[in-house]
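For the record, the sequence lines run as chains A and B. For the first sequence, position 91 matches number 495 in the numbering used here, and the numbering has no gaps at all. For the second sequence, position 269 matches number 313 in the numbering used here, and the numbering has no gaps at all. Yeah, the Cβ is synthetic: ideal placement off N, Cα and C, and Gly gets one too. All values derive from a computational prediction rather than experimental measurement. Reading through the structure tokens given below for one structure.
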Amino acid sequence: MEFQTHFLYPSTLFVSKEPFIVNTILGSCVAVCLYDPVMQIGGINHYMLPLWNGEGLASPKYGNIAIERLLEKMVAMGCNRSRIIAKVFGGGEVIDTQISQFHIGERNILIARQILKEQKISISGESVGGKNGRKIQFNTYTGAVLQKIIARQTPLSTQK
Amino acid sequence: MLTDEQLLRELENRFKANKDSVLQLQKITAELQELNKKLEESEALKTHFISNITNEIINPFAAILGLSRNILDVKKEDWARVMAMVQLIHSEAFNLDFQLKNIFAAAKLEAGEFLPEIMNVDVNQLIKSMLDTFRYEAEKKKINLIYELEPIPGIQKSFYFLTDPEKLRIILSNLVSNAINFSFEAGDVEVKAWLKEDNLCLSVTDYGQGVSDANKKIIFDRFRRLDPGINSLNRGHGLGLSVNKAIIDLLDGTIELESEPGKKTTFTVCLPPGTENEHSSGFALDGNEFMFDSDDEQVF
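This is how it looks when you write it as structure tokens:
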């Protein structure tokens, strides 16, 4: 099967009916992959912060917006909420800090679990937390996700 | 068995822990209240925006239609009068186009569908053509638009940089438009461009009313206009800077604001070079094709 590829930028969403391979790189950011096995449609987001606090645009830079909007888009393409499963990646603490409010990775993971639970979507797989960044590759047709851990010496500037 | 003293100490500890957690709860409640207020404000601004936008779009259209009808009625010998009307049409259409571009950019950004399209851009040319579109707007207020490209060794007229030209144009247009709007009559607006450690830096300075410290915090919020009064001389929806901030985030850049109220205001934007091919972007470090062939790959 022919797959097109897409690089997912932080603060953006991607959903496609066509089979796509979506690549992205995560540091403290989290990506939620949603997949409907019957429609064989997958969607993915990449958010940087857990909650929109009224600052700037209400964009998918924020977890609460990114997850809800991704779900809406999947449903708009004909996916059924009750069939959708989720996989969650990222949220590593790539920068050491003692201050709990700065634990962005952890808060990003929590918001994903919380919103998915509220929306009654089960998490079928996850790789979250830790100290490293991740490269992931999401197959929108099969819902499979490949992951590779990025060792810490990678310059932080390339990880979001 | 605990002695009385141990018991007292334990009680004291527990009271203290209790007090601490109450204090922490109070702090969190206060934060929540503030956040709630902010979200309420945002909602109110949004409602205001929707009622405002009707005027801001319909009025320019009415003006354009009216003026062009007038032009059609002008007799051949009076064609000199046409020039003034064409200028007004241009001005109305220019503003409308500018506002609509911001609205569409904001909508796309909020939908997460605004993607960088990186190419090699002649920055010098881009800035010049962008400033040229503002020429009439500047002339109306007798504003002097000054553009300065810091000389780069070996590069004279053209200056290439890997970035997204359309987004760079929106960023600059918003800054220049604001600078013109907030300048006093016959003031200067300065645009500068330079390279700093491979990053492209641009600054826009005006000598207008300036931004107070309190306003610096909220200036990037959406729909926020610092002077929202109906008689405000400054039109617009308060989207420009929030759009700028989001685009600059997308391009991994920074925006800084320096202002002395009543004297001058400078916005400085710095953007790192983008990666030309969208698919390989971000994977440049060790190459895309080697990405998933090693042993530590995991499948979920």
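For Asn80/B, count neighbouring Cβ atoms within 10 angstroms of its own Cβ and tell me buried if that reaches 16, exposed if not. One-based indexing of the second sequence puts residue 80/B at position 36. Exposed, since its Cβ has fewer than 16 Cβ neighbours within 10 Å.
Using a Cβ-Cβ cut-off of 7 Å (strictly less than) and excluding sequence neighbours within five positions of Glu136/B, which residues of its own chain qualify? As a working note, residue 136/B is residue 92 in the second sequence. Excluding sequence neighbours, Glu136/B sits near Pro104, Ala107, Ile108.
Could you compute how far the alpha carbon of Glu54/B sits from the alpha carbon of Ile429/A? Here residue 54/B refers to the residue found at position 10 of the second sequence. Here residue 429/A refers to the residue found at position 25 of the first sequence. Whole-angstrom Cα-Cα distance: 50 Å.
Partner residues on chain A for Glu161/B, Cβ-Cβ distance less than 8 Å: The residue labelled residue 161/B in the question sits at position 117 within the second sequence. Within 8 Å Cβ-Cβ: nothing; Glu161/B doesn't reach chain A, min ~11 Å.
Spell out a yes or no on whether the segment 291 to 301 of chain B and the segment 147 to 163 of chain B are touching, meaning 3 or more CB-CB pairs, one atom from each, closer than 8 Å. yes
For Phe542/A, the three-state DSSP class (helix, strand or coil): For the purposes of this step, residue 542/A is taken as residue 138 along the first sequence, with counting starting at 1. Here Phe542/A sits in strand by DSSP.
If you draw a straight line from the C-alpha of Glu333/B to the C-alpha of Asn427/A, how long is it? Translated into the one-based positions of the second sequence, residue 333/B becomes position 289. Translated into the one-based positions of the first sequence, residue 427/A becomes position 23. Since pLDDT at Glu333/B reaches only 37, below the 50 mark, its modelled position is unreliable, and the value read off the structure follows with that caveat. Between Glu333/B and Asn427/A, the C-alpha separation is close to 12 Å.
Tell me whether the beta-carbon of Val434/A lies closer than 7 Å to the beta-carbon of Gly494/A. Translated into the one-based positions of the first sequence, residue 434/A becomes position 30. Translated into the one-based positions of the first sequence, residue 494/A becomes position 90. Yes, the Cβ-Cβ distance between Val434/A and Gly494/A is below 7 Å.
Looking only at its own chain, which residues have a Cβ that is under 6 Å from the Cβ of Glu472/A, when we skip the five neighbours before and after it? One-based indexing of the first sequence puts residue 472/A at position 68. No residues qualify anywhere along the chain.
Secondary structure of Gly482/A, DSSP reduced to three states: Along the first sequence, read from residue 1 onward, the residue named residue 482/A stands at position 78. Three-state result, Gly482/A: coil.
For Cys245/B, tell me which candidate among Asp117/B, Thr312/B, Gln68/B has the shortest Cα-Cα distance. Locating residue 245/B in the second sequence gives position 201, counting from the first residue. Per the Cα distances, Thr312/B.
Range covered by the beta strand (DSSP E) that runs through Ser528/A: Along the first sequence, read from residue 1 onward, the residue named residue 528/A stands at position 124. Segment 526 to 532, the beta strand (DSSP E) holding Ser528/A.
Give the residues of chain B in contact with Tyr545/A, contact being defined as C-beta atoms less than 7 Å apart. By one-based count along the first sequence, residue 545/A stands at place 141. Per Cβ cutoff of 7 Å: no residues; Tyr545/A is ~15 Å from chain B at best.
What residues in the segment 67 to 95 of chain B have a beta carbon less than 8 Å from any beta carbon of chain A? Leu79, Lys82, Leu83, Glu85, Ser86
Interfacial residues, the segment 289 to 319 of chain B to chain A, with Cβ spacing under 7 Å: Lys289, Ala290, Asp293, Leu294
Cross-chain neighbours of Arg473/A in chain B, by beta carbon under 9 Å: For this step, residue 473/A is matched to residue 69 along the first sequence. Chain B residues near Arg473/A: Glu154, Ala155, Gly156.
On the criterion of 16 or more Cβ atoms from any shown chain inside 10 Å, does Ala150/B qualify as buried, or is it exposed? Residue mapping note: residue 150/B aligns to position 106 of the second sequence, counting from 1. Per the 10 Å Cβ criterion, buried.
Alpha carbon to alpha carbon, what distance is there between Lys307/B and Lys152/B? Against the second sequence, residue 152/B aligns to sequence position 108. Against the second sequence, residue 307/B aligns to sequence position 263. Using only the alpha carbons, I get a separation of about 35 Å.
What are the partner residues of Met174/B, as DSSP defines its beta bridges? Start at 1 with the first residue of the second sequence, and residue 174/B comes out as number 130. Met174/B is not bridged to any residue.
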